[in-house]
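First up is the structure itself, then whatever we jot down about it.
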Amino acid sequence: MARVLIVEDEVMLRSSLARGLARLEGVEVVDAGTVVEALALIDARPPDLVLSDIDLPERTGIELLGELASRGLRTPVIFMSAYLQAYGALIPRHADIEVLEKPIALAEIRERVLAKLKPSDEPEPFSVVDFLQLAAMGRRSVEIQVVGEGLSGTITIHEGNAWDARVGDRVGLAAFDALAWAPRARIHCRTIAELPAERSLHDPLEGLLMRSAQRLDEETRDGRRVQRLSSAPPAPAIAPLEETPEDDGFDALLDEGIEAVVTRDWETAWRALSAAEVLQPEHPLVKTNLARLRELGYAPAAEEE
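The opening position of the sequence shown corresponds to residue 520 in the working numbering, with each subsequent residue numbered one higher.
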């Protein structure tokens, strides 16, 4: 399941975005209100995509780019901002970085998210072997997470030495062979403080890579397909979740209200959410958004009186 991290300090907008994106099939959403909170989530589990505001408290969203790079993560980022003239020049031009100007329709955000999560035909600029050799040269302790065609696993390097490899039910050399040469793999590299309980790799890294390359060459010449370690069918492609049938119109009103919140059409948001409240007075998202609109002074004058 693809993991999307939303970084937005405005609570109502953040919850609306989270709800809208969570309805996409195959997408898991986590959210944060600051860069510090976002980094805690990134360190716990790297996301597949970051959707971030730029103008955040204490630190700007642009600083996430440096933080991701320092962790060895090549994570696509979509920035949203109403202040592109102020920040545009600070954002590097890169295929993995996209900038959208607020207000943005929720439907467009969904489309951009799905496009970024689609498997890319562009190869990873660094291979698994590149990451392994860099870790060895720098004598670093890292966990290299590899997601490739039909496999997902990790190789652990401790102070530049091969330590452990795991993919599915394979451990050690068999797992290392599959992961090290995985074609078109998505790679995340993170620094680790603790090692796995067991060590499954004991030879020097360069020796492991040479013998692994020889085995790969022999298997390829024999006509046997390598690296396909699982007989399970591939995960379903990410696609929009079909809308649930509408009974009393509540879902349509809630969607209209959330869409209006995202695009900052406060009058429409109030009208749709108020109508939804009549149908389901205790729905938490309706109550929260209406309360927030009242606090911001967007309730109609008659309502405030």
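C-beta atoms are modelled at their ideal positions from N, C-alpha and C, and glycine is treated no differently.
Cβ pair count under 8 Å reaching 3, the region 685-693 against the region 717-733
yes
For the region 618-697, list the beta strand (DSSP E) runs that are entirely contained and at least 3 residues long, ordered along the chain.
DSSP runs (the beta strand (DSSP E)) wholly in the region 618-697: 661-667, 670-677 and 680-686.
Using 8 Å for Cβ pairs, my map puts Glu-668 next to Pro-702. What's the rounded Cβ distance?
6 Å
8 Å Cβ cutoff met for Leu-575 and Ala-521:
no
Which residues share a DSSP beta bridge with Val-526?
Ala-551 and Ser-571
Looking only at its own chain, which residues have a Cβ that is under 8 Å from the Cβ of Val-554, when we skip the five neighbours before and after it?
Val-526, Leu-575, Glu-577, Arg-578, Thr-579, Gly-580, Glu-582, Leu-583 and Glu-586
To which residues of the same chain is Tyr-817 closer than 8 Å at the C-beta, ignoring the five residues directly before and after it?
Trp-785, Glu-786, Ala-788 and Trp-789
Arg-825 versus Glu-630 - alpha carbon distance:
Residue coverage of the chain in this structure runs from 520 to 824, which leaves residue 825 outside it and unanswerable.
Just checking my contact of Leu-698 with Val-665 at CB under 8 Å: how many whole Å lie between their CB atoms?
So it is a contact: roughly 5 Å between Cβ atoms.
Name the DSSP bridge partner or partners of Ile-597?
Leu-570 and Glu-617
Under the three-state DSSP convention, the category Thr-807 falls into:
Helix, per DSSP.
Rounded to a whole number of angstroms, what is the C-alpha to C-alpha distance between Glu-717 and Asp-649?
25 Å
Assuming Thr-710 is part of the beta strand (DSSP E), what are its boundary residues?
705-710
If distances are taken between C-alpha atoms only, which option among Arg-705, Ala-795 and Leu-524 comes closest to Val-546?
Leu-524
For Val-546, write down the residues that DSSP places opposite it in a beta bridge.
Ala-521
Could you compute how far the alpha carbon of Asp-615 sits from the alpha carbon of Ile-597?
8 Å
Among Leu-633, Ala-654, Arg-659 and Asp-572, which residue has its Cα nearest to the Cα of Leu-619?
Selection Leu-633, Ala-654, Arg-659 and Asp-572 evaluated against Leu-619 yields Asp-572 as nearest (Cα-Cα).
Less than 8 Å between the beta carbons of Ala-684 and Leu-714, yes or no?
no
Cβ of Ala-704 within 7 Å of any heavy atom in the ligand ATP?
The ligand ATP is absent from the structure shown, which contains no ligand whatsoever.
Distance between beta carbons of Leu-625 and Glu-529, contact taken as under 8 Å
Contact doesn't hold; Cβ gap of about 15 Å is too wide.
Run through the region 774-806 for me and flag every whole alpha helix (DSSP H) of 4 or more residues, listed as ranges in chain order.
Counting whole runs of 4 or more residues, the region 774-806 contains the alpha helix (DSSP H) stretches 785-798.
Could you tell me the boundaries of the alpha helix (DSSP H) in which Glu-577 lies?
First-last for Glu-577: undefined, no H or E at that position.
Tell me where the alpha helix (DSSP H) around Ser-589 begins and ends.
582-589
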